[in-house]
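Residue numbers (full-length UniProt numbering): 1 to 187.
C-beta atoms are modelled at their ideal positions from N, C-alpha and C, and glycine is treated no differently.
Source: prediction; values computed, not measured.
The structure appears right after this line, and notes come after that.
Listed below in structure tokens is the structure:
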């Protein structure tokens, strides 16, 4: 069994940033829990190209999500990769491709522990704070995801891949890039 590997690509998610008038497209913006106008296109890379990956490697990302009372308690987050030498700053960079969607089930979470308020529409709105833990390498070479709220694992998340052949090719390349190279050779 391979003990360590080197990632052949950057792997990450997008995050929100403040909306810039005259720079950002109005159609791409959203309003966060506090009413601030934002755009979700800045990349956060959790795995760097060339980073050593072992069976103990896990990454955490703090996430907050605005959810209204009665909404589906499923949070989705697109997973991206880039084989560029330096980390692209934005999701729109030509080397950044979506390889899948991480789907987090928050149905077992008590939303009453989160900050909340009554929205303009009269519905209670929750600021759902959680961590998405990514276990990069298990014994079979797969990625796993866990949902952590207030320090406790409260659920799993799964990686969903599009059925299109192009997406399947991208996934195959992504998994190959992630699990390649032990001293420069395939496992």
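Nonlocal neighbours in the same chain, by C-beta distance under 6 Å from residue i, ignoring five residues either side
i, result
"residue 62", "131"
"residue 33", "66, 127"
"residue 45", "10, 12, 87"
"residue 102", "77, 79, 145, 157, 159"
"residue 15", "42, 44"
"residue 73", "106, 107"
"residue 29", "19, 37, 39"
"residue 68", "123, 125"
Residues sharing a beta bridge with residue i, DSSP
i, result
"residue 5", "53"
"residue 58", "135"
"residue 27", "Note: residue 27 sits in no beta bridge, so no partner."
"residue 130", "63"
"residue 68", "125"
"residue 34", "Looking at the DSSP assignment, residue 34 forms no beta bridge with any residue, so it has no partner."
First and last residue of the uninterrupted beta strand (DSSP E) at residue i
i, result
"residue 13", "10-18"
"residue 145", "144-149"
"residue 155", "152-160"
"residue 38", "37-47"
Close-in-space but distant-in-sequence residues of the same chain around residue i (CB under 7 Å, 5 per side omitted)
i, result
"residue 50", "6, 7"
"residue 165", "Bear in mind that the predicted position of residue 165 carries a pLDDT of just 44, short of 50, making it too unreliable to give a figure here."
(request) Could you pull out every unbroken beta strand (DSSP E) segment of at least 3 residues lying fully inside the stretch 77-126, listed in chain order? (result) You should have 96-105, 115-118.
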